[in-house]
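Undergrad: Each residue of the sequence shown is one higher than the one before, counting from 5 in the working numbering.
Ideal Cβ positions, reconstructed from N, Cα and C, are used throughout, including at glycine.
Predicted model only: the values in this text are computed from it and were never measured.
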Amino acid sequence: MIAQGREWYERIAAGPDSLAALPLVIRGAEEQDRPELLFYEDVNYAADDAFERITGDADAFEAAWRNCRQNAVGSRAVVDMGEDFDFS
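1. Nearest-angstrom Cα distance between LEU28 and LEU41?
2. Near GLY9, which residues of its chain fall below 8 Å by C-beta distance, leaving aside the five closest residues on each side in sequence?
3. Just to confirm, are ALA17 and VAL47 a CB contact at a threshold of 7 Å?
4. Between which two residues does the alpha helix (DSSP H) harbouring LEU26 extend?
5. How would you call TRP69, buried or exposed, if buried means at least 16 neighbouring beta carbons within 10 angstroms?
6. Quick check on the DSSP output: the alpha helix (DSSP H) that includes ILE6 runs from which residue to which?
7. Does DSSP classify ALA62 as helix, strand or coil?
Dropping the structure here:
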């Protein structure tokens, strides 16, 4: 959803049923043997890329994320979906 841009993100956030109208979702339903249509791997690196753009440091994201997670453990549960997370 995020990879589709702000307009779609805001539309879906306001009315989740509008996700069904997203052209990529329609295409994914028609081509069920292509999960990469809906789970585009590059989206996994969006936070890294944004952090680098803001800080200018390509390698600083992981350390900042670890620090953030360590500080958050006491205030709320942190769920690590890991590499083996099953989307289905």
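TA: With the given structure in hand:
1. Each residue's alpha carbon lies about 7 Å from the other.
2. Answer for GLY9: no residue qualifies.
3. no
4. That residue, LEU26, is in no alpha helix (DSSP H); it is neither H nor E in DSSP.
5. exposed
6. Run containing ILE6: none; DSSP gives neither H nor E here.
7. Note: ALA62 maps to coil in three-state DSSP.
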